[in-house]
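Asker: Residue 253 in the working numbering sits at position 42 of the sequence shown, with consecutive numbering throughout.
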Amino acid sequence: MASYTVFKGSKDSTVVKSTIPKPEKLTGDQVLMRITASGLCGTDLHYLNADIILGHEGVGVVDSVGPDAKYLKKGDRVGFGYEHDSCGHCKNCLTGTETYCAERATYGSPEVKAGSFASHAVVRESFLHRIPEGMSDIDAAPLQCAGATVFAVLQAYDARPTETIGIMGLGGLGHLAIQFAAKMGTRVVVLSGSERKREEAMRLGAHEFVAMNGKKELKVSSPLNRLLVTTSAQPNWEQILPIMAPGSSIYPLSVAFGNLEIPYLPLVFQGIAVQGSLVASRNIHREMLAFAALHNIRPITETFPMTEEGVKEAISRLDKGDIHLRAVLTAA
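(1) What residues in its chain sit with their C-beta under 6 Å from that of alanine 313, if we drop five residues either side in the sequence?
(2) Determine whether the beta carbon atoms of serine 229 and lysine 219 lie at a separation below 8 Å.
(3) Throw me the rounded Cβ distance for the glutamate 336 and tyrosine 282 pair, which I believe falls under 8 Å.
(4) Would you decide whether phenylalanine 515 is buried or exposed? Buried here means 16 or more other CB atoms lie within 10 Å of its CB.
(5) From the DSSP output, which residues share a beta bridge with alanine 547?
(6) Let me check one thing: in DSSP terms, what residues is alanine 501 bridge-paired to?
(7) Taking the continuous beta strand (DSSP E) assigned at leucine 283, which residues delimit it?
(8) Looking at the unbroken beta strand (DSSP E) that takes in asparagine 303, where does it start and where does it end?
(9) Helix, strand or coil for asparagine 436? Go by DSSP, reduced to three states.
(10) For a test of the three-state rule: what should DSSP assign to phenylalanine 218, helix, strand or coil?
(11) Identify the residues that DSSP records as bridge partners of glutamate 296: which are they?
(12) How far does the beta strand (DSSP E) with glutamate 513 in it reach, from first residue to last?
(13) Is glutamate 411 helix, strand or coil by DSSP?
(14) Using a Cβ-Cβ cut-off of 7 Å (strictly less than) and excluding sequence neighbours within five positions of threonine 518, which residues of its own chain qualify?
(15) Tell me whether threonine 397 is buried or exposed, calling it buried when 16 or more other Cβ atoms sit within 10 Å of its Cβ.
(16) Going by C-alpha distance, which of Ala538, Ala484, Thr306 is nearest leucine 384?
(17) Are alanine 329 and valine 323 close, meaning C-beta to C-beta below 8 Å?
(18) I'd like the span of the beta strand (DSSP E) that includes leucine 402, first residue to last.
(19) Classify isoleucine 483 as helix, strand or coil using the three-state DSSP reduction.
(20) Kindly indicate which three-state DSSP category alanine 357 falls into: helix, strand or coil?
(21) Could you tell me the alpha carbon to alpha carbon distance between lysine 430 and isoleucine 451, rounded to whole angstroms?
(22) Please give the ranges of any alpha helix (DSSP H) in the region 435-472, keeping only runs that are unbroken, at least 4 residues long and fully inside the region.
(23) Over the uninterrupted beta strand (DSSP E) stretch that includes arginine 288, give me the two end residues.
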């Protein structure tokens, strides 16, 4: 029986190379794709000790399709992200917010059997996204989660060109958020620990850069209408809340455990909202890809081969904070 290669987590958090059988027959709208590139996300580190196929930023080529697949054919370039399925019938699914479906199947859940750290994956056609012409597989891979996560906040919550958008952190999510927000016509203010990333932030499209370390009070040219928090650690809210505009919103986007602790009264007196956001719905995901292609929004990446050694090296360096912005695994 034919099989394909996968890279899984394990109890001791060691990446394990394995094989699983290729399906003899696809059912429903299943699609078998050959993976050519996979982004590496900080979320993947949380699943290293789980017996699952790792990875959720997959890009590749359609190999074959099931009997109910209607829109994709062999040879099409596609990608998939964090969500793999939903019920299709609840209010969330019917109104384009299927990421909040009570029966959703997302990366790391028992219902999801596919991952992007692999030579192939079987994914529902309904949750695959065409990759635009002219966009490379390496550029497309980080957009499947990192790009979709930051774009969803700006698009789903109606960011306007007249607004000032704060981006906290210039990492894998932050460097894409700067580009999307700038190309949408907003004023972009980057908040970072030190001056070290100023030049890169401005090159990516920021209009203003604020180094926060050692400062009791932050100063910006215009109060922030929205703040995208892309850092894993919570910020010093005593610094941040005074530069938020009345009626503004804060979006914590990275995966972190523990409680969100934030001063209460400034939220009340300034009407500041804290808005949770998961990843993009399918519609917004596809708008994101089209927008990125139109405006030449590209992740800054380091590449590693999709081999056992390559996967382990990429994960080790990510865990140490030694990746410059985004890592991508490419088919060996």
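In this text, a Cβ means the ideal position worked out from N, Cα and C, and glycines have one as well. Here the structure is a predicted model, which means the values were calculated and not measured.
Answerer: Per the coordinate set shown:
(1) For alanine 313, where only same-chain residues beyond five positions count, there are no Cβ hits under 6 Å.
(2) Result yes, Cβ atoms of serine 229 and lysine 219 sit closer than 8 Å.
(3) Right, the Cβ-Cβ distance comes to about 6 Å (below 8 Å), so this counts as a contact.
(4) By the neighbour-count criterion, in which a residue is buried when 16 or more other Cβ atoms sit within 10 angstroms of its Cβ, phenylalanine 515 is buried.
(5) Only positions 212 to 543 of the chain appear in the structure, and residue 547 is not among them; the question remains open.
(6) The partner list for alanine 501 (beta bridge, DSSP) is empty, contrary to what the question assumes.
(7) In this chain, leucine 283 is not harboured by any beta strand (DSSP E), its DSSP state being neither H nor E.
(8) From DSSP, asparagine 303 is part of no beta strand (DSSP E) but of the alpha helix (DSSP H) over 302-305.
(9) In the structure shown, asparagine 436 sits in a strand (DSSP, three-state: E or B).
(10) Three-state result, phenylalanine 218: strand.
(11) Sequence check: residue 296 is aspartate here, not glutamate. The partner list for aspartate 296 (beta bridge, DSSP) reads Ala316.
(12) Under the DSSP assignment, glutamate 513 falls in the beta strand (DSSP E) whose first and last residues are 512-516.
(13) Three-state result, glutamate 411: helix.
(14) Result list for threonine 518: Ala543, in chain order.
(15) That one is buried.
(16) Here the closest residue by C-alpha is Ala538.
(17) Contact flag unset, no.
(18) DSSP places leucine 402 in the uninterrupted beta strand (DSSP E) bounded by 398-403.
(19) Isoleucine 483: coil per DSSP, three-state reduction.
(20) Alanine 357 falls in the helix class under three-state DSSP.
(21) Computed Cα separation, rounded: 10 Å.
(22) Listed in chain order, the complete alpha helix (DSSP H) runs (minimum 4 residues) inside the region 435-472 are 448-451.
(23) For arginine 288, the enclosing beta strand (DSSP E) has its first and last residue at 288-291.
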